[in-house]
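Protein chains in written order, with the numbering used here: chain V, 4 to 118; chain A, 81 to 667; chain B, 20 to 250.
Virtual Cβ for every residue (Gly too), placed ideally from N, Cα, C.
A quick note: this is a predicted structure, and the numbers were derived from the prediction, not measured.
What follows is one structure encoded as structure tokens, with my remarks underneath.
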Amino acid sequence: MVDNVAGLARTGLRDWLVQRVSAVILALYTLFLLGFLLLNPDLQFADWQGLFAQGWFRMFTLLSVLSLAGHAWVGVWGVSTDYIHPYWLRLLFQVVVILALVVFVAWAVEILWGN
Amino acid sequence: MTAVVEHDFDAVIIGAGGAGLRAGLQMAQAGLRPAVVSKVFPTRSHTVSAQGGITAALGNVSEDNWHWHMFDTVKGSDYLGDQDAIEYMCRHAADVVYELEHYGLPFSRLDNGKIYQRPFGGQSRDFGGEQATRTCAAADRTGHALLHTLYQRNLMAGTTFFTEFLAVDLVKDRNGAIAGVLAIEIETGDLHFIKSRATVLATGGAGRIFASTTNALINTGDGLGMALRAGLPVQDMEMWQFHPTGIAGAGVLVTEGVRGEGGYLLNKDGERFMERYAPNAKDLASRDVVARAMAVEIREGRGCGPAGDHVLLKLDHLGADVIKSRLPGIRELAITFAHADPIEKPIPVVPTAHYMMGGVPTNVHGQVLSQDAEGGDRVVDGLYAVGECACVSVHGANRLGGNSLLDLVVFGRAAGQHVTHMLATEHVERPLGEDALDPALDRLERWNLSSGGERVEDIRNEMRRTMQNDCSVFRTEEVMQEGIQKIEALQERLRHAHLRDKSKAYNTARVEALELENLMAVAHASIVSAEARKESRGAHSRVDYPERDDENWIRHTVYFAGQPLRYRSVNMKPLTVEPFPPKKRTY
Amino acid sequence: MRFSIYRYDPEQDQAPRMQDYHLDVEAGDMMLLDALMLLKAEDESLTFRRSCREGVCGSDGMNINGVNGLACVTPMSSLREPVVLRPLPGLPVIRDLVVDMSQFYKQYEKARPYLINETPAPRTERLQSPEDREKLDGLYECILCGCCSTSCPSFWWNPDKFMGPAALLQAYRFIVDSRDQATEERLADLQDAYSVFRCHGIMNCVAVCPKGLNPTQAIAQIKTLMLRKSA
């Protein structure tokens with residue numbers, strides 16, 4: 004058994020599950036948006052604003068952003084452990100990615116619920 | 081002075097096939113510290129190639145008992161097998177097979193969940209009655225399943241492995257007892273002396289003395305070479321089994337299980353010719369009988385193919401389902417090596433050197449036997465031999481299919497038990513003289529100092545051709561006498577052969593040179609023993625002496641290097657049951 | 020026949036090199052291993068492993084024209100010339116085509132590849148239905164040649180932590196054996212982020228397995244079982 008504190012989740016199973024569940028959420032979100040765009044060929048900014056004014060869609064969007072962050076983290080963590088061999092460089096890279104993801108999530112919240 | 085790394089173990093086992101691993105397992109489970117020395121990673125040993133199964137009278141398919149199995153084995157051996165050893169093996173067969181199952185061996189199963197069994201050649205019910213169904217199988221990969229299971233079990237038990245170490249020679253203590261083995265670590269070329277209180281030879285066969293053989297490239301009779309160099313005998317070396325169904329050209333084995341499942345042989349006229357040679361058992365007659373019949377068909381012009389040099393093994397009538405579930409490995413081999421999918425086409429086959437019934441003589445505990453001045457048996461202290469390299473003798477002049485895997489585990493276990501008992505009850509010491517390692521070191525030094533001469537490869541090819549032409553299925557006086565001269569000339573040439581590559585790290589050229597010395601010793605023992613046996617018995621067929629001669633020849637041939645042949649009586653006294661007296665052998 | 024073969028002798032060479040060889044014989048039914056043995060007869064320093072020469076012992080795994088396989092079951096007629104031979108990728112080279120497989124074996128041992136059943140053994144066999152036995156088909160046949168694990172990038176990058184397809188195939192072989200009682204512990208042993216989960220399903224292992232086995236499927240089954248147990 005290999006312990007790894009750097010993994011977002013403690014176990015490989017959770018990482019794996021996060022990646023699969025988040026992928027499903029992202030796929031649903033993408034399909035929804037595509038459908039919305041296809042059904043509204045003459046989309047105006049107001050329609051767009053209307054969509055985002057609805058609470059459930061803000062939640063759906065937030066969930067998708069969180070999924071994107073989780074999904075990205077698991078993938079990037081895997082790639083970095085494969086290819087970045089110096090420990091300090093890998094850690095630096097991972098910290099930067101985590102900070103970026105946190106900022107992106109906060110930013111998304113700000114966009115969705117801010118003024 | 082060459083540096084030699086020393087190790088000390090309770091027991092050292094040379095060879096990691098089925099017999100060696102079973103012996104090691106027995107000792108490790110008993111709390112001893114055994115070391116297994118193998119020139120290849122354990123699962124690369126030749127046991128892995130065994131296909132059809134392991135025989136034991138479990139009676140899962142039809143009523144059966146070990147006594148019938150014993151009768152078949154004695155008869156199969158053409159009455160050259162030792163009946164005490166045969167009783168021991170058949171009596172313990174069920175136990176060792178159940179043990180293997182408990183170890184995890186993935187046997188095929190019957191609908192009721194019991195171990196699957198199939199009919200094999202030479203098996204009968206009720207002492208020569210109907211065909212029995214006695215061979216336990218894991219599809220057609222029983223040897224693979226058995227070897228892997230035993231290796232896995234040894235990992236669990238904590239056996240020490242010296243993997244890719246080539247055993248060079250046995251080391252004797254001051255009293256002439258065996259005190260371990262000198263080995264080369266192939267990866268580095270470093271020398272290791274593995275000292276032990278019990279040494280077990282489990283080095284397998286030597287089919288590579290023949291040009292055409294089902295044997296792996298590693299089957300070079302290393303244990304026999306070591307025993308002979310240590311002044312110990314080998315027994316019944318004239319008895320070489322030619323398996324009826326080796327794939328023509330490639331030499332790759334096709335299990336007897338194919339015929340057990342219902343396949344049969346055809347000549348060029350499409351005739352099922354075994355009906356003529358063995359009206360009752362037909363294609364499931366004993367291997368020597370079938371191989372000889374095939375050789376006669378081919379010799380008399382009824383062989384198949386443009387050169388008329390093989391016969392056909394037909395099994396397409398079994399149907400795709402049976403072939404895929406029971407014989408998947410055979411199908412793979414036939415497609416790869418004969419370009420024939422047996423679901424559609426028959427497989428071209430030819431009798432191919434397969435198994436060495438002879439070997440280092442032992443008792444039922446695996447203890448190696450030599451002879452005293454009066455010709456009586458003398459136990460060699462500290463040395464055991466098990467498996468194909470040993471001659472206990474359960475196979476006599478002809479081994480029955482499915483009995484070799486059984487031999488490995490029964491006597492591997494027996495030797496393990498005996499070593500355990502001996503070390504627990506006796507105070508065993510093996511005091512070494514200062515020059516104990518010298519003979520082994522000299523052997524290596526000779527190759528290291530070679531400065532010119534013939535290639536090992538050329539001598540090896542010539543030896544294999546000679547044995548194939550002069551000492552195979554049918555044998556005659558004149559040809560064998562010539563053969564002996566040729567082999568002796570080759571022995572002399574080998575003494576002056578040259579090793580060009582003197583490097584240390586992973587030098588396989590050196591390994592092959594040392595192996596050839598072992599092969600040559602086996603070849604000489606075989607052809608000399610064969611020339612001397614003036615009768616036909618089991619696998620030994622003399623054109624000039626076509627009959628079995630029970631009056632003079634129910635005896636084991638005993639060969640010591642550089643000495644006239646000696647003989648030893650066959651044990652006709654089973655442990656508990658009545659003996660089986662020699663009878664005419666028909667199938 | 021033309022060959023270009025990876026050569027490295029630790030006692031003489033600073034670095035590996037490729038050496039060209041020629042063989043003046045008809046390919047016919049010859050397998051690559053037959054050709055290698057003919058080459059070795061000419062140049063006895065050429066080094067490779069071999070044993071059964073029929074594809075069941077797993078000794079002669081090597082990289083043949085860029086693809087891992089067994090020399091003894093690869094027909095010469097199927098190969099583009101010059102035949103480029105290299106050792107199995109990703110493992111330390113000992114000499115020429117011989118690699119140090121200790122890491123591979125260590126992972127195999129980590130799978131605890133032996134039946135664990137603490138109940139007293141019955142006097143005869145433990146029963147197993149043909150259906151339960153069939154679950155072991157496609158798993159127990161592995162010959163440990165290493166072709167799969169050494170074609171797997173996840174194993175190249177993390178040979179010490181990712182067990183690799185061969186070891187995982189064995190892990191599953193015992194997990195799914197109806198006679199084995201250590202399923203829970205076996206699954207628990209594999210929970211970490213590396214042992215199993217470094218498999219990204221690229222299926223190189225399936226593509227190269229000379230026995231036609233499917234480690235990726237076994238790995239997927241392990242993950243599914245874990246999910247079922249922990250949910």
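Rounded to the nearest whole angstrom, the CA to CA distance from proline 172 of chain B to valine 77 of chain V is 18 Å. Within 10 angstroms of the beta-carbon of proline 654 of chain A lie 16 or more other beta-carbons, which makes it buried. A/Thr229 is the residue among A/Met437, A/Ser118, A/Val116 and A/Thr229 whose C-alpha sits nearest the C-alpha of histidine 182 of chain A. Residue contact check for methionine 236 of chain A against chain B: a CB pair falls below 8 Å.
As the crow flies, the alpha-carbon of leucine 574 of chain A is around 15 Å from that of threonine 300 of chain A.
Taken in chain order, the complete beta strand (DSSP E) segments of 3 or more residues contained in the stretch 192-251 of chain A are 240-243.
At a C-beta separation below 9 Å, glycine 73 of chain V has no neighbours in chain B, since its nearest C-beta there lies roughly 14 Å away. Look at threonine 268 of chain A here: in three-state DSSP terms it is coil, with no helix or strand label. Contact between glutamate 73 of chain B and serine 129 of chain A holds, with the beta-carbon distance rounding to 7 Å and staying under 8 Å. C-alpha of arginine 628 of chain A to C-alpha of methionine 319 of chain A: approximately 14 Å in a straight line.
A Cβ-Cβ distance of about 14 Å is found for the pair proline 108 of chain B and valine 117 of chain B, leaving them out of contact under the 8 Å criterion.
The beta carbons of threonine 213 of chain A and arginine 198 of chain A sit closer together than 8 Å. Comparing alpha-carbon positions, the option among A/Leu308, A/Glu557, A/Gly132 and A/Gly238 lying closest to threonine 215 of chain A turns out to be A/Gly132. The stretch 435-465 of chain A is shown to contain no whole alpha helix (DSSP H) run of 4 or more residues. Close to leucine 246 of chain B, with beta-carbon spacing below 9 Å, are these residues of chain V in chain order: Leu16, Trp19 and Leu20. Serine 366 of chain A counts as buried, since at least 16 other C-beta atoms from the protein chains shown sit within 10 angstroms of its C-beta.
In its chain, beyond the 5 residues on either side, Val490 have a beta carbon closer than 6 Å to the beta carbon of histidine 172 of chain A.
Excluding its 5 nearest sequence neighbours in each direction, threonine 325 of chain A has C-beta neighbours in its own chain below 6 Å: Val334, Leu393 and Val429, listed in chain order.
In this model, isoleucine 166 of chain A and leucine 364 of chain A are separated by some 21 Å (Cα to Cα).
Following the DSSP letters along the chain, one finds alanine 185 of chain B in no beta strand (DSSP E) but inside the alpha helix (DSSP H) bounded by residues 183-194.
Residues of the stretch 162-193 of chain B with a Cβ closer than 9 Å to any Cβ of chain A, in chain order: Ile162, Leu163, Gln189, Arg192 and Phe193.
In the structure shown, serine 97 of chain B adopts helical secondary structure according to DSSP, grouped into three states. DSSP links asparagine 43 of chain V through a beta bridge to no other residue.
Its Cα nearest to that of alanine 504 of chain A, the residue A/Arg113 stands out among A/Ala516, A/Val84, A/Glu572 and A/Arg113. The straight-line gap separating the alpha-carbon atoms of aspartate 421 of chain A and isoleucine 327 of chain A is approximately 13 Å. Going by DSSP, asparagine 87 of chain B is part of the beta strand (DSSP E) stretching over 86-89. When secondary structure is reduced to three states using DSSP, alanine 83 of chain A falls in the coil class, being assigned neither helix nor strand. Contact residues of the stretch 196-224 of chain B toward chain V are Asp208, Gln210, Asp211, Ala212, Tyr213, Ser214, Val215 and Phe216 (C-beta to C-beta distance below 7 Å). Taking a beta-carbon distance threshold of 8 Å, valine 118 of chain B does not count as an interface residue toward chain A. Within chain V, the C-beta atoms nearer than 7 Å to that of lysine 242 of chain B come from Trp19, in chain order. Within the stretch 182-198 of chain A, contact with chain B at the beta-carbon level (separation under 8 Å) is assigned to His182, Tyr183, Gly184, Pro186, Phe187, Ser188, Arg189, Leu190, Asp191, Asn192, Gly193, Lys194 and Ile195. When rounded, the separation of the alpha-carbon atoms in valine 225 of chain B and threonine 82 of chain A is 47 Å. If the five residues before and after methionine 62 of chain V are omitted, its C-beta is found closer than 6 Å to no C-beta atom of its own chain.
Using a 10 angstroms sphere on the CB of histidine 219 of chain B, the tally of other CB atoms stays under 16, which defines it as exposed. In terms of CA proximity to proline 229 of chain B, A/Glu412 leads the group A/Pro662, A/Glu412, A/Phe89 and A/Arg493. Judged by DSSP in its simplified three-state form, leucine 529 of chain A adopts coil rather than helix or strand.
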